[in-house]
Every structure is written in structure tokens, then in C-alpha cells.
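Novice: Below: one structure in C-alpha cells.
Number of protein chains: 2
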Amino acid sequence: MTHGRPTLDTVAERAGVSRMTVSNAYNRPDQLSAATQEKVFRAAAELGYGGPDPAGRSLRRGRSGTVGVLLTERLPYAFADPGMVAFLHGVASELADAGQALLLLPTEGNPEHAPVRNAIVDAFILCSLAADEPAVADVLARRLPVVTAGSPHLTGTPFVGIDNARAAAEVARHLLGLGHRRFGVLTVPGRPEGSPTPGPNRPAQRARVQGFRQALADAGLPPEALTGVEAATHDRAAVAVAVRPLLRRPASHRPTALFATTDVLALGVLDAAAELGIAVPSRLSVVGFDDIAEAATARPPLTTVAQSLFDQGRSAARLALRLVDGQPARSPRLRPTLVVRGSTAAPPARPTRGTP
Amino acid sequence: MTHGRPTLDTVAERAGVSRMTVSNAYNRPDQLSAATQEKVFRAAAELGYGGPDPAGRSLRRGRSGTVGVLLTERLPYAFADPGMVAFLHGVASELADAGQALLLLPTEGNPEHAPVRNAIVDAFILCSLAADEPAVADVLARRLPVVTAGSPHLTGTPFVGIDNARAAAEVARHLLGLGHRRFGVLTVPGRPEGSPTPGPNRPAQRARVQGFRQALADAGLPPEALTGVEAATHDRAAVAVAVRPLLRRPASHRPTALFATTDVLALGVLDAAAELGIAVPSRLSVVGFDDIAEAATARPPLTTVAQSLFDQGRSAARLALRLVDGQPARSPRLRPTLVVRGSTAAPPARPTRGTP
DNA sequence: GGAGACTTCTGTAACGATACAGCACACGAC
DNA sequence: GTCGTGTGCTGTATCGTTACAGAAGTCTCC
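Just so you know, the sequences run in chain order A and B. For the record, in the first sequence the residue sitting at position 138 is 137 according to numbering that gives the first Met the number 0, with numbers rising by one throughout. For the record, in the second sequence the residue sitting at position 320 is 319 according to numbering that gives the first Met the number 0, with numbers rising by one throughout.
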């Protein structure tokens, strides 16, 4: 309870002024003589008054100065993924500049607590959520400004993100152009195991796989040209387990290029390849996605799709703040770029097996 | 403004019931006939009512269901440091279990906005702040429950953290026991460049250096036995720049053991050593601090001090929640453990240069 | 048929703050 | 002496919600 805590009234009485004068002492010091202000602060200190209660202020003003952020599924994944962290960093950075705070909401946990319903925020940012996630419905029910990033697309709400399928297709064309004809694609499963709700949970990842596959088909390759592999989690051990069978195939059946739907996964592939003595890029080309910081310093430096998640975070926050101010907010057009570094090259020359 | 938004009253009038009935429909459905509840929800839907406003609820109840977290200095560093992220993850995880939300507050930015003063929270967690940081004073002025982690120590507030100097001393004794006599210590600068306020800003890092140095002195080594090096930032390039001069010394003057005050730094050292062709651990022993996930999978696996920042995050959150509930909260006694892995070994046998 | 218990709903009084209008007073100008 | 202008402070009316007490109405039981 707040019972016993001093309030504006308590302080006002003690200082011998009106409640409004106390309020002004904190919020509009220029409307006050220095002597009165001093008197008020002294009374406040004596009573142990901690300043005007933000809950009261927020109710009265109708603004909280806070933006709520919902991140994809389990927080562990969110914090473990550098891309997610970069996005969050961008959001935090933009909000900090505007003096707004960031309320990080759990999308799971005891549902009885309904964190979304209790969140004192002016707007929500949804990042990489599936459209069927219950939290999304909770957010929409609040009827506050919403911005989505990555997914889902919601009609009428600004969206920040790239066309993943298209970017993945560009990766495919890059590899095809180098002469590759046997491919692997590495991703993470659509849903954490034992998840009750069905359906795709990492729409971005799926779109990347889809776009890559489609581009190969468009180039006239048969479906067998692409082998799909799933890692249980993002950590390197799991990646190694997932790709080892593929990389242990005889060279004539092994993919010459591997597309990982995330840089973290791609870095795991580099490790696994090194472990198995498969040279990158001469015997295996590897492409990632996101262009996280480690991508540029990996050995070899990783060819990847750059999409500046930090900037996307900033954008999302900026849009949210515009909506709060009642200004129009349009989804920005973002163009991811393929950054060709040292992990892709022409496939090894085929030993005889010549074309007619 | 909230102007025009429907409220409990609006909905009550439309549904032909009292305001309390509407409130109960949302918060105590069991106190209500199903028919009435349905009627209320229909009216709410027609009016576009988003449910009871949490600001009003929070004011009335005197609880917000939110804990504020202040992280060390610039957010970039916080998000870039896996240890920090692990701590935050622990906090978020514990809070999610309790159905509480996490308000991430910027410690810098436009000071006019005073995010700490406006934060609607039930308690604060301060992580790795310097005692002289203005945000600390702002937090104390709020007179809410506070827990600190890592630093600073504040009398009367529970503290979560280890004795850094002592842990570093254990590292020193481990290395001394292996036979090392020439040491390097790598850390990051105490303050970001251009920072206006003076004084140490990474007290934990300083304590580690200090404890290490002291343990060497206690063992009777002269000050020259330890060379201190500072990396500008945590990224590997900066680490390489910082340690290269040290590692390029002739073998007879090069430290045989390097203590990095952070695992991230230590991993950078491993990279730099590999680049210069210096074998670890046979020619150089490396020790880190924190035991982040990558430490175990590095090559070679990193000897480091494990302090489970995730658990510390959980602890801090749990203590904060206890304080909010008016229960006593005692600082836990935490014992970091030295995890000896593959990056430390006896120094190379000295070539002749024998002892008497 | 009346007492008691239960269900379902209502009225009142805060929770702590701020916006806005306005009042008293001092001061200089004419 | 009246008027206009500022400064410094006060009073009132909300902001949207929930705790609590209690009022009808229904049901049960003897």
C-alpha cells in the first residue's frame, strides 16, 4: 500500500503553502520564488517525500513516457540472439534520446498476470512475433499505437522490416552466379519444442528459406538441389550437430554452398567446417543473414545480408513516438544489401563429370 | 490526451450497468453473471474500449507491477557485453515468472527528461553503477526499494555480487602455482572518453586489477612483474590493438600469463595470440572473468572465474520483489569459482637463464 | 413463512497528481 | 487616482480506477 507515504498535500501542509505550489516547486520552478521553493523542499526532505508520484502524474496527463516492447517468444532466445539485441539496442537508444523509457514485456510466463494488460505505456512495439501469438491479440485489445518489426504484418499499423524472401533470393542468385548447383540451407525450428500453439513462429526465418528455395526453382534447379537442415538452437554445439551429417557426405554429394538464415548459425557452420577440415570458401561457400558485428571479423569474413537491425530498432521507436504524438507514421522502405566478403567463392572445379 | 477515449463510465452507461460492474467484468469475472459480462464486453467492443486503464489502476492500488532497471553507463556497452545481457536476462526471467514487467531506464540522455523521476515502478535494481552517478541520487530520492548489483554498495540496501578483488587474487594464485612469474593484465578504461564526471566508473574491473596486483605483491613479486594494458573497447579489434605490443615482445620479456578482466577481452586475446602464432596455453596462459557461454567453447576452452550473472540477475529481481512485499531481504553470499580449463598451463621451460 | 445464506449488482470515497482560471498585490505610467 | 502589467500563489475540477460496504433479489431449510 501507499498508506503512510507523504503526498503533495502532506508536504503542502507542512510547508504552509498550497498543494499546487508544491507541485510547481517540482515541475515549474520558474513560477515560484526561490524562498518558497526552498521552504517546500525542506518540508519534503523532513517528511521523506520522494517527489510527485509518477502514477498520479501519468493518470492526469494521459501520458506515461514509456513504450512497451514485446520480443519474440522466450526471452532467452531474444537475449541470446545478437540481432535481437541490436534491435533492442536501437529501440533503447532512440527512446533514450527522446527521454522515454522502455518497458520490456514478457510474452510468456504466468498468463494470469497479463503483463500486456497492466503495462502503463503510450505505445507498443512488437518484434518478430507470430500473428497467432496471444500477446498480439492482447496488444491490439489495448487500442494503443502499435508498430511491428520483422513480423507480423498488421493492416493499419506501421511496419519496419525487409522483404526476407527477396533478400534470400538475392543470396541464391549470388551463389548461382558463382557456379554453385548443390545447396544447403540451415535454419532453426519454427517453434520451441512442446509449444502448445501451432503455426510458424519465426516467420522471417521461414520467408528466407522460402525465398531461397523459390529462387533456385526459378533458375531451373530440381528440388533435390537443396538440402534443408534444422539446428535445435542457436548455439554452436547445436549447429555442429545439425550440419555435420551434411558436411560429412562425400565431396561429390556435399553441398558446395550453405545458406544459414542467421549469422549466428553461419558462424557455427564456419566452426564446424574448420573442425572437419573443409576449407571455406574454396570447398564450401557460406552465407549468413543479418550482418552482426562478428560477421565482419569472422575467419573468413562472412558474406551476409546486411539489414541494420540497430537502425530498424531506431526506426520502430521513432514511428511509435510519432504515433503517440498523433503524427502520421509511414512504414519505411528498407533495402537490405548483400555484403560479399570472404566466405563465398566459386565451387571447386568438378573432377571430370563433364557436361555434354 | 486521453480526450475522447472511452472509460469505465462510458461503457457502463452504454451497457446499462454501473461502473463497478464493468470493472468487475474485467477483474473479477466470477462476481458476475455470464449474461452481464457478455453485455459489458459487447458494449466495450462497440465503443472501442481497450480495458481498464493501467494508470488508473496503478494509482488506486499503489502498485505498478513493474521493476525499474538501471544499467551501467551507455546502453551500447550494456548490450554489447554478454555478461550484462546475461544479468538482464536473469532479471527478466525472474520478473516474468512473477508476472512483473521490466522497465529499462537510460542513465544518460537528455537530463531534462529525468526518466528516473517519471518511472512508474515499485522498486529499482541498479547494476554496475558508480556511486557518484547522478542517476543513483535520483533513484535514492524516490525512496523506493532498491537493490544494487555489482556496484555500488549502499548502506541499507541489499547487494548482489561477488568480491572481485578476492576472486582475482585466486586467479593470481592459480597462475603463480603453475609457475608463472611474468604477468599481463588487460582491462577497459574506467570512463568512456569525454565523460564529464570523474572517478572510477567500472568499479568491478578496477577491483579485479587491484586484487590481482595485490596477490602478486603478497607473493613477493616486484611491481615490474605485472604489465597493465587497456583496450579502448570490448571488441576484438580493439583488444588486438591493445595487446599486440605486449605479445610482440621477445619471449624472454613477454608475459607468460595474461589475465583479462572480462571473458570478452580474454576471447580477444585468444584471437590475437592465434594471429601472432603464439600457442595457448603452452606459450601463453590466458584467464578471463565471468564465464560467459562462449568461454567453454572457445579454443582452447577458457580458464575463467564463474560468477553466474544470470543467477545474480535472478537474485537481484527476487530481492527487489521481496522488498516490495515488505519482506526482509538479505544480501546473498556468493562464491565465485575458478574454472580451470584449457587456456592455462605451466609456463614454457626457461631456456638456460637458470636459477642459481 | 420467516431466518439465514448466497448471488449479483450498486454507490461512495479515495488514490496522487496537474490544468486552468483567477485572485491579491506591487509597480510604474499618465 | 485609475489603469494596465507582471509576479506569485491558491481553489476547483478532473484524470480512470478499485476497495469496501451494503442493497436488492433468489434460494434453501426447517
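We put the CB at the ideal spot given by N, CA and C, even for glycine.
Pick helix, strand or coil for G67 of chain B, following the three-state DSSP scheme.
Specialist: strand
Novice: Can you name the residues of chain A whose CB is closer than 8 Å to the CB of A91 of chain B?
Specialist: Within 8 Å Cβ-Cβ: L74, F78, L103 and P105.
Novice: Do three or more CB pairs link the region 38–54 of chain A to the region 299–314 of chain A at distances below 8 Å?
Specialist: no
Novice: Alpha carbon to alpha carbon, what distance is there between A54 of chain A and P51 of chain B?
Specialist: Roughly 15 Å separates the two Cα atoms.
Novice: Using 8 Å as the cut-off, can you tell me whether the region 139–147 of chain B makes contact with the region 155–173 of chain B, which would need three or more C-beta pairs spanning the two stretches below that distance?
Specialist: yes
Novice: Over what stretch of residues does the alpha helix (DSSP H) that includes E37 of chain A continue unbroken?
Specialist: A33 to L46
Novice: Put P5 of chain B into one of helix, strand or coil per three-state DSSP.
Specialist: Reduced to three states, the DSSP call for P5 of chain B is coil.
Novice: In the DSSP output, what is D137 of chain B paired with across the bridge?
Specialist: D137 of chain B pairs with nothing; no bridge assigned.
Novice: In this structure, does DSSP put S150 of chain B in helix, strand or coil?
Specialist: Note: S150 of chain B maps to strand in three-state DSSP.
Novice: Quick check: the Cα distance between A100 of chain B and A77 of chain B, rounded to an integer number of angstroms?
Specialist: Roughly 19 Å between the two C-alpha positions.
Novice: G15 of chain A CB to nearest chain B CB: under 9 Å?
Specialist: no
Novice: To the nearest whole angstrom, what separates the beta carbons of V245 of chain A and F182 of chain A, a pair I think is in contact under 8 Å?
Specialist: It should be pointed out that residue 245 of chain A corresponds to Leu in this sequence rather than to Val. Their Cβ separation, rounded to whole angstroms, is 11 Å, which puts L245 of chain A and F182 of chain A out of contact at 8 Å.
Novice: Would you mind telling me which residues of chain B sit closer than 7 Å to V84 of chain A, beta carbon to beta carbon, in chain order?
Specialist: F78 and V84
Novice: Beta-carbon of D324 of chain A versus every beta-carbon of chain B: anything under 9 Å?
Specialist: no
Novice: I need the straight-line Cα distance from A363 of chain A to A278 of chain A, nearest angstrom please.
Specialist: Outside the modelled stretch of chain A, which goes from 0 to 355, sits residue 363 of chain A, for which no answer is possible.
Novice: Quick one: what's E229 of chain B bridged to in DSSP?
Specialist: B:T186
Novice: Pull up the distance between the alpha-carbon of N163 of chain B and that of V208 of chain B, whole angstroms please.
Specialist: Their backbone Cα atoms lie some 9 Å apart in a straight line.
Novice: Please report how far the alpha carbon of P188 of chain A lies from the alpha carbon of P222 of chain B, in whole angstroms.
Specialist: 54 Å
Novice: Should H152 of chain B be labelled buried (16 or more other beta-carbon atoms within 10 Å of its own) or exposed?
Specialist: exposed
Novice: Decide yes or no for the touch test of the region 277–295 of chain A against the region 252–264 of chain A: beta carbon pairs closer than 8 Å, at least 3 of them.
Specialist: yes
Novice: Taking the alpha-carbon positions, what's the R334 of chain B to G67 of chain A distance?
Specialist: 36 Å
Novice: Who are the neighbours of R141 of chain A on chain B, taking C-beta pairs under 7 Å?
Specialist: G49 and G50
Novice: Which chain A residues sit within Cβ distance under 9 Å of T296 of chain B?
Specialist: Listed by position along chain A, the residues whose Cβ is nearer than 9 Å to that of T296 of chain B are D234, R235, A236 and D270.
Novice: Tell me the DSSP secondary structure of V10 of chain A in three-state form.
Specialist: helix
Novice: Tell me which same chain residues have a C-beta within less than 7 Å of the C-beta of G198 of chain B, skipping the five on either side of it?
Specialist: At G198 of chain B the pLDDT is 41, less than 50, meaning the model places this residue with poor confidence and gives no usable figure here.
Novice: Answer with buried or exposed for P105 of chain B, where buried requires no fewer than 16 other C-beta atoms within 10 angstroms of its C-beta.
Specialist: P105 of chain B should be labelled buried.
Novice: Bridge partners of S284 of chain A, per DSSP?
Specialist: A:A256
Novice: Considering only residues of the same chain and omitting the five flanking positions on each side of S194 of chain A, which have a CB-CB separation below 6 Å?
Specialist: Interpretation of S194 of chain A is limited by its pLDDT of 49, a score under 50 that renders its predicted location unreliable; the figure taken from the coordinates is listed afterwards. Correct list: empty, nothing qualifies.
Novice: Any idea what DSSP makes of T261 of chain B, helix, strand or coil?
Specialist: The answer is coil: DSSP assigns T261 of chain B none of H, G, I, E or B.
Novice: I need the boundaries of the beta strand (DSSP E) containing L125 of chain B, first residue and last residue.
Specialist: It spans A122 to C126 - the beta strand (DSSP E) in which L125 of chain B sits, taken as one unbroken run.
Novice: Does DSSP put S194 of chain B in a helix, a strand or coil?
Specialist: Confidence at S194 of chain B is low in this model, with a pLDDT of 48, below 50, so the placement of that residue should be treated as unreliable; the coordinate-derived value is given next. In the three-state DSSP reduction, S194 of chain B falls in the coil class, being neither helix nor strand.
Novice: Have a look at B:T9, B:R13, B:A206 and B:L103 and flag the residue whose alpha-carbon is nearest the alpha-carbon of L69 of chain B.
Specialist: B:L103
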